[in-house]
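Novice: Residue numbers (this note's numbering): 5 to 609. Think of the CB as a built atom: it goes at the ideal place given N, C-alpha and C, for glycine as much as any other residue.
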């Protein structure tokens, strides 16, 4: 089957058909282009979706991803990100292996088609030219034959006419011979032209056109094969990423199977466990006793009535649970509450008992507070030692702080070692650099390490105290934190385990009085602590120190200051610049000159 023999007369139709084939190929290229755009948009939307639900850094969401369910969800987001990447791979491979290749092939195909049909048109024009030559030769031969016939008839007519002269007859005869000769020449030319045309026509229909049509047929068949191969590539591109997509889906399934509900429950316990013991039983308070007893039978009540009631700030602290806020006034009793009195004690006219439900709700929602004027004066919203947190949470925060400080120390230590090695290299090879140029940086890093170690020791002491490895904090540790830890004392004072009096009775007034006395003593201590301390010597700043933390003071290298409290072993010395400007600086940053006469005047805060 050949187009040259079967379709020898369908030049125009073949031209239309091949153009249609190119249009089909371009349509397929457009289809693949749109598919690649869809894949890119889909991948972009998947990535945006994954990014949208990723936890934000340094936010509460990031802390939530410690739970296995949240970790599984995070793994799903990461797998979806990889899944989107595979769709980008599909788009890239389709563009490089199909679209770009086919577009280049279409240009080559158009050029080849143009060349083939140009050769076909040239062959057509040549055969048409030969046909025109044959027609012209044929018409000339026909015309010459007619002229020769007319000249012959005229000669015969003149020869038969007796009135015509011999000269005229001879002239007519010569003219007839000339016309006959012209007719013979035209006949010979027509014959040769006809033979030449038949030869050209045979070659046209049996050689030129079949060859040209065969090339066009091969071109069209290559186009068909090429579009088929492109379709296979289209499928293979998808098939190549299926294993990776399957791994992404397997990763999602594996993440889902890693969810452990028991582990999440344990994490909830670790996150919110306070470390406090549950409240004890509430004792029965008999309000009928005042009706059965007289005033003379209760000396304690008599003494109580004769003693002015001690109030502080106009607020009562008669709570039975140590975690209720101090400065919160007692809520009004419900209308249905019955009269209240402690067994064997008089009814207190100053305070009403709270219902148990209100007390329990307040315990569940309240948080311990630090009652220290110094911390309030220094503006610390969150205590440095996390003493505002429950024991378990405080321990975790302190442990985290110690770990962070150790990491910073390790980082600074590595930097110091690197600088030291570089300095050694400069010493051995002076042409590489000046060793003295690294002294300032080395001193700065060493100072940073010293400060971090002091901070670490401070937090480790607090951590040891929380974990029970050390006794309660001393005055020195309180000085480091810059605030008093009043929670432990408050808990002991207000604890419901010591509610009984020596005779087995308990009165709300006694508890209030005892607590108010302790609180008044705390306030006296606070005011006494703020009195100015005498200078016990002087000091010279060896280095510049920027006091950025609470309770510290900034000094400049070479500055002379007064010492009001020397180092107690914690690495800090208390100094004063003026009457109103004092604070702590690292002992290693100053050179202290103590006054021997004032050496016995050591003070602590």
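Would the region 568-578 count as touching the region 430-439 if we require 3 or more Cβ pairs under 8 Å?
Specialist: Taking a cut-off of 8 Å on C-beta distances, the region 568-578 does not touch the region 430-439, as fewer than three cross pairs fall below it.
Novice: Tell me where the beta strand (DSSP E) around residue 588 begins and ends.
Specialist: Per DSSP, residue 588 belongs to the beta strand (DSSP E) from 585-590.
Novice: Throw me the rounded Cβ distance for the residue 179 and residue 155 pair, which I believe falls under 8 Å.
Specialist: 5 Å
Novice: Spatial neighbours of residue 79 within its chain, please: CB distance less than 6 Å, with the 5 preceding and 5 following residues excluded, ordered by chain position.
Specialist: 259
Novice: Leaving aside the five residues before and after residue 562 along the sequence, list all residues of the same chain whose C-beta is less than 8 Å from its C-beta, in chain order.
Specialist: Counting only residues of its own chain and dropping the five nearest sequence neighbours on each side, residue 562 has a CB closer than 8 Å to the CB of 544 and 545.
Novice: Can you have a look at residue 284 and say buried or exposed, based on whether 16 or more other CB atoms are within 10 angstroms of its CB?
Specialist: exposed
Novice: Measuring alpha carbon to alpha carbon, tell me which of 240, 152, 187 and 201 ends up nearest residue 94.
Specialist: 240
Novice: If I follow the unbroken beta strand (DSSP E) through residue 206, where does it start and stop?
Specialist: For residue 206, there is no enclosing beta strand (DSSP E); the residue is found in the alpha helix (DSSP H) stretching over 170-207.
Novice: So for residue 280, helix, strand or coil by DSSP?
Specialist: coil
Novice: Taking the alpha helix (DSSP H) that residue 241 belongs to, which residues open and close that run?
Specialist: Membership of residue 241 in the alpha helix (DSSP H) is indicated by the continuous run 213-261.
Novice: Is it a yes or a no for the region 83-98 touching the region 220-229, going by three-plus beta-carbon pairs under 8 Å?
Specialist: Fewer than three pairs of CB atoms, one per stretch, sit closer than 8 Å, so the region 83-98 makes no contact with the region 220-229.
Novice: May I ask you to report which of helix, strand or coil DSSP gives residue 545?
Specialist: Strand at residue 545.
Novice: Across the region 170-188 and the region 147-161, are there enough close Cβ pairs to call them in contact, namely three or more that are closer than 8 Å?
Specialist: yes
Novice: Which whole-angstrom value describes the C-beta separation of residue 470 and residue 541, a residue pair presumed to lie in contact below a C-beta threshold of 8 Å?
Specialist: So it is not a contact: roughly 36 Å between Cβ atoms.
Novice: Which two residues bound the contiguous beta strand (DSSP E) that contains residue 569?
Specialist: Annotation for residue 569: the continuous beta strand (DSSP E) segment containing it runs 564-569.
Novice: In the DSSP assignment, the beta strand (DSSP E) including residue 582 goes from what residue to what residue?
Specialist: 576-582
Novice: Any contact of the region 50-60 with the region 23-36, i.e. 3+ C-beta pairs under 8 Å?
Specialist: no
Novice: Who are the Cβ neighbours of residue 16 in its own chain at under 6 Å, not counting the five residues just before and after it?
Specialist: none
Novice: What distance in whole Å lies between the Cβ atoms of residue 221 and residue 12, which are believed to be in contact at a cut-off of 8 Å?
Specialist: Not a contact, Cβ separation roughly 12 Å.
Novice: From residue 389 to residue 594, what distance separates their C-alpha atoms?
Specialist: 26 Å
Novice: Taking Cβ to Cβ, would you say residue 120 is nearer than 7 Å to residue 216?
Specialist: Yes, the Cβ-Cβ distance between residue 120 and residue 216 is below 7 Å.
Novice: Using the DSSP secondary-structure output, state which residues sit across from residue 595 in a beta bridge.
Specialist: 544
Novice: Do residue 99 and residue 40 have their C-beta atoms closer together than 7 Å?
Specialist: yes
Novice: What is the C-beta distance between residue 463 and residue 393, in whole angstroms, given that I count them as a contact (C-beta under 8 Å)?
Specialist: Residue 463 to residue 393, Cβ: 14 Å. No contact.
Novice: By how many angstroms is the C-alpha of residue 218 removed from the C-alpha of residue 21?
Specialist: Rounded to the nearest angstrom, the two C-alpha atoms are 14 Å apart.
Novice: Please determine if the region 130-144 and the region 269-278 are in contact, where contact requires at least 3 C-beta pairs separated by less than 8 Å.
Specialist: no
Novice: On the three-state DSSP scale, how would you describe residue 133?
Specialist: Reduced to three states, the DSSP call for residue 133 is helix.
Novice: How would you call residue 381, buried or exposed, if buried means at least 16 neighbouring beta carbons within 10 angstroms?
Specialist: Interpretation of residue 381 is limited by its pLDDT of 40, a score under 50 that renders its predicted location unreliable; the figure taken from the coordinates is listed afterwards. Counting Cβ neighbours within 10 Å, residue 381 comes out exposed, since fewer than 16 surround it.
Novice: May I have a chain-ordered list of the alpha helix (DSSP H) segments no shorter than 4 residues that lie completely inside the region 68-135?
Specialist: You should have 72-98.
Novice: Buried or exposed: where does residue 272 fall if 16 or more other Cβ atoms within 10 Å of its Cβ makes it buried?
Specialist: It counts as exposed.
Novice: Taking just the CA atoms, how far does residue 418 sit from residue 426?
Specialist: 12 Å
Novice: For the alpha helix (DSSP H) that residue 458 lies in, which residues bound it at each end?
Specialist: 443-471
Novice: Find the nearest neighbour of residue 405 within the set 551, 451, 467 and 185, judged by alpha-carbon distance.
Specialist: 467
Novice: Is it the case that the Cβ atoms of residue 539 and residue 568 are separated by a distance below 7 Å?
Specialist: For the 7 Å CB-CB criterion, residue 539 and residue 568 form a contact.
Novice: Rounded to the nearest angstrom, what separates residue 270 and residue 66 at their Cα positions?
Specialist: Rounded to the nearest angstrom, the two C-alpha atoms are 18 Å apart.
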